[in-house]
Every structure is written in structure tokens, then in C-alpha cells.
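If you're matching positions, the sequence shown starts at 108 in the numbering used here and goes up one per residue.
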Amino acid sequence: MARWRSAFALHREAMGYTQEKLAKHLGVDRVTVGRWDRLENPPDPAIQPRLATALKVTPAELIELLHPGQKGPSTPAVPQRTGSSGHDVVQRIQGAALAFQETDRRLGGGVLLPSVELYLSQEIAPRLLDAHGGTSAAGIFSAAASMTEIAGWMTHDGGQNQRARAYFERAFRLAVAAENNALAGNSCASMSHLAIELGQHSDALRIATTGIAKSSQADGTLRLTARLHTMRARALALVGEHQACALSLDQAESLLGQATSEKPADWIANFDEASLASEAAQCFLDLAEYAEAEQRAAAAIRLRSGDRVRSRAFGQITMANILIGAGRLDEAAAFGNEVCKATASLSSTRVLDQLNDLGRTLASARSVPEVAHFLATLGALSHVSDAQEGQTATWPV
């Protein structure tokens, strides 16, 4: 009986590489390549662009080789031909986007960003130059907008807000060029979030309102519109508008309840009960309504398990800040310690930035044993951030 061989191993051999030769080319151990062949340990995301180039596949095709839908007899992947139909290209990009996002949730954007940027330059940019009028052109521009927005989030997660802003603005313009109102609204949600992070509250409110207008002109956008209302709520909370903030959160909750049976528009980021709970917790924290904030944060943490490591970490940091506001410093430090443990497998400058902010807030209470332990653990982490980048330019909406 023939021994099962992975598609990765078959393709490696088809490209003329033995395990030893590929290992030497990439500067890794032969045993490491053997594990890739057996699909036991995927390559470090930082090396994947070089691996894709060596095997003459796109980053998306490499992901398909390394993470097949099921194990079984496979044939080698071959580079896509330039004659692929517009629909096939869009489907391939959509598959790549989903694969990148799935890995990003586990590892953080700082790890995968080089692969995404390579994919944008090698796979998507040439398609934009070839795109002409019609359905396929709109689909390719939409695909480009979505992947560009993913790059923006990964760059933002890496603490490079100026680059993130450029990616989000480019994604918005690509969505407008595609005449895709749902995707334009999606980009507005991302820009509004970044404006909030940069302290540009009035810009965040305006951008979210523009996004709601865009999304209302498209089908399958109930979850997106709910997300945009939470961005409005975040901006309103930051300027102390209690009633208006609560109204926006109520609208978001109502829309989310209506969306259970709706088929979402293509390319739109998911927004669920955990997302709403997380944003609502931040709103009530900013409004100093700590009891309500704690309830929402607890729901967000409970709903964010499994591979959503980064989202759970943000929820735990929010909870820590809520507990500080409520005067429960020992409990806040315990949540900080939990996040410190998660950073071992997570590449996210945003998480580290927020941890450092938490440490600065608790520094005056280091006589509390739990706080002292957290500060010692935090001290072992180091990073460089440019979190305030992107504050001076003008938004496109």
C-alpha cells in the first residue's frame, strides 16, 4: 500500500528540492522540513514569503499546501495562470483572506504582515492593472479592498498606525471604485476605530456615521451596521454623551438580534455578541459606569475562547482597567498577569501597549503583592511602539 504524502511534500519534490536542499536554501534544519512535509508544524510565518518564492507558489497557495481541508492523497499545487477568470481570481483571494485572518487571530498581525504585503504586491496589484469594466473588475477591486484592509489591521496590531491609516484609506477608495457600499462601510468601521485609538473623537463619529449611510445602501449589512453604531457609541462615550452612547448601543444590539438569519455581504468582517460586549464594556468604562462595564467585559471574556487569543487579551485588559476604577487593584493585577502569559504566543504591539498603560496605572500600588507580581512580569516584556502615528493627516471621509 502506498504511503500517504502531503501535497506540500509532493510539490517540494516537483520543484526539484530534497529536504536537505530546501533546508539549506532557507537556513533551517532538515528535520524542520520533514515536519512541514508531514504537516506536523507549519513554517514560522516570517519565513513563509521566502518559502513561497522557492516553491514558486503564491502565499495563498502555500497556505493551502500547509493547511489542506483534509489529509489524503494529493497532487502538487501549481502556480496560477494569468489566464484565470475574474471569478476564479476573486475566489482565490477570498480563500487567502480567510486563511490569513484565521492565523492572525491566533498569532497577532505582526507575524503575518510580510506575507500579506507580499500577496498584495505579487498577486493583487497586477490584477488591478489588468482589471477593466464589468462584474469581474468590481469583484477584483473589492477583493483588493478587503485584503488591503486586512493589511491595515495587521499593521495597526503591530503598532504602526501611520501605515495602518494609509491601508484603511486605500481600502476605502478601492471599495468606492468597486461601487461596493458594504465594503466601503466596512472600511469606515476600521477608520473610525483607528480614529478613536488616536484620540480623534469627532472624526471617529463622522466616519462611523458615513459608514452607516454606506451600509444602509447594501444588502447583508445588519452586523456591519451594528458594528458602526458601536463605533459611534465609543466616540460618544469619550466625550461624555451618556444618553446618546446608550442609544447607539441599543441600536447595535437590536440590529445584531435581527441578523441571526441574514446572509452577510461578501468580504465583511464578522461582528458578533462578543464584539458588542467588548465595545460596550469600553464605552461604560469611559463613562465610569463600572458595574455595567464589568458585566459587559465578563461576557466578552466568556465568549472569546479558543483561537481568539488577542480578542480575549483585550477583554482581560479592559476588565483590569474597570477593576482599577472600582478600586479592586489585586483583581486587576491578576487579569494583567493572565494577559502577560498570552503574549508568549502572540505578536501584538497593541496588546503590549495596553499592558504597559496598565502597568503605569498600577505602579503607585506596588505594595499590593498581586500588583508587584504583575509589574515584575511586565518588566520582562519589551517593545517599541509608534502608537501615536497617523494623528495629523486628513481622513478621506
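Heads up, the beta-carbon is just placed ideally off N, CA and C, and yes, glycines get one too.
Note that this is a predicted model, so its numbers are computed, not measured.
Cβ-based neighbour list, residue i, same chain, cut-off 8 Å, excluding 5 preceding and 5 following
i      : result
Leu225 : Pro156, Ala159 and Pro166
Asp393 : Arg341, Ala344 and Leu345
His132 : Tyr124 and Ala161
Leu169 : Gln155, Leu158, Ala159 and Leu162
Glu380 : Leu363, Ala406 and Leu410
Leu173 : Phe115, Trp143, Leu146, Pro149 and Pro150
Ala366 : Leu329, Arg330 and Ala333
Thr468 : Asn428 and Ile431
Residue nearest to residue i in terms of C-alpha spacing, selected from the options
i      : options                           : result
Ala305 : Gly266, Ile429 and Ser222         : According to the sequence as given, residue 305 is Leu; it is not Ala. The option with the nearest alpha carbon to Leu305 is Gly266.
Ser540 : Leu117, Gln307 and Leu362         : No information on residue 540 is available, as it lies outside the stretch 108 to 504 that the chain covers here.
Leu345 : Leu335, Leu312, Arg473 and Thr317 : Leu312
Gln402 : Arg417, Leu394 and Ser385         : Ser385
Arg199 : Leu227, Leu335, Thr317 and Asp211 : Leu227
Glu360 : Gly466, Leu117 and His336         : His336
Ala204 : Ser249, Cys295, Ala161 and Gly292 : Ser249
Ser297 : Glu369, Leu354 and Phe378         : Phe378
Val283 : Lys370, Ala245 and Leu354         : Ala245
Cys295 : Gln208, Leu281, Thr317 and Lys370 : Thr317
Phe421 : Glu396, Tyr124 and Leu453         : Leu453
Val223 : Leu235, Ala206 and Arg234         : Ala206
Cys390 : Leu235, Glu348 and Glu369         : Glu348
Ala395 : Cys352, Leu235 and Ala479         : Cys352
Leu488 : Lys448, Thr210, Val140 and Gln208 : Lys448
Leu235 : Pro221, Ala285, Asn293 and Arg270 : Ala285
Trp502 : Ala121, Val164 and Gln269         : Gln269
Spatial neighbours of residue i in its chain, beta-carbon cut-off 6 Å, leaving aside the 5 residues before and after
i      : result
Gln187 : Model confidence at Gln187 stands at a pLDDT of 42, short of 50, so the residue's coordinates are unreliable and nothing is read from them.
Leu146 : Ser113
Glu445 : Gln423
Ala252 : Ala278, Leu281, Ala282 and Leu290
Ala472 : Leu436 and Val478
Gly292 : Gly318, Lys321, Ser322 and Leu331
Within 8 Å, strictly: CB atoms of residue i and residue j
i      : j      : result
Asp310 : Ala302 : yes
Gly443 : Ala433 : no
His300 : Met338 : yes
Ile431 : Ala404 : no
Thr450 : Leu436 : no
Pro152 : Leu219 : yes
Ser243 : His194 : yes
Thr456 : Asp264 : yes
Val197 : Ile231 : no
Leu441 : Val475 : Looking at the sequence itself, residue 441 is Ala, so the reference to Leu does not match. No, they are not a contact pair.
Leu462 : Leu485 : yes
Leu356 : Ala398 : no
Arg417 : Arg212 : yes
Asp144 : Ala116 : yes
Leu383 : Ala333 : yes
Ile314 : Val135 : no
Asn288 : Gln229 : no
Leu129 : Arg142 : no
Min CB distance residue i to chain D below 8 Å
i      : result
Leu227 : Structure shown: chain D not included; a single protein chain is present.
Other residues of its chain near residue i: CB distance less than 7 Å, five sequence neighbours each side excluded
i      : result
Glu518 : Shown here, the chain extends from 108 to 504; a query on residue 518 therefore has no answer.
Gln201 : Ala250
Glu369 : Gly327 and Leu329
Val140 : Gln126, Leu129 and Ala130
Gln358 : His336
Cβ-heavy atom distance, residue i to the ligand MN, below 7 Å
i      : result
Arg409 : The ligand MN is not part of this structure, which contains no ligands at all.
Item to check | Three or more C-beta pairs below 8 Å linking the segment 319-329 and the segment 411-422 | outcome: no
Checklist entry - Taking three-plus beta-carbon pairs below 8 Å as touching, is the segment 252-260 in contact with the segment 269-285? => result yes
Checklist entry - Taking contact to mean at least 3 C-beta pairs separated by less than 8 Å, is the segment 402-409 in contact with the segment 369-377? => result no
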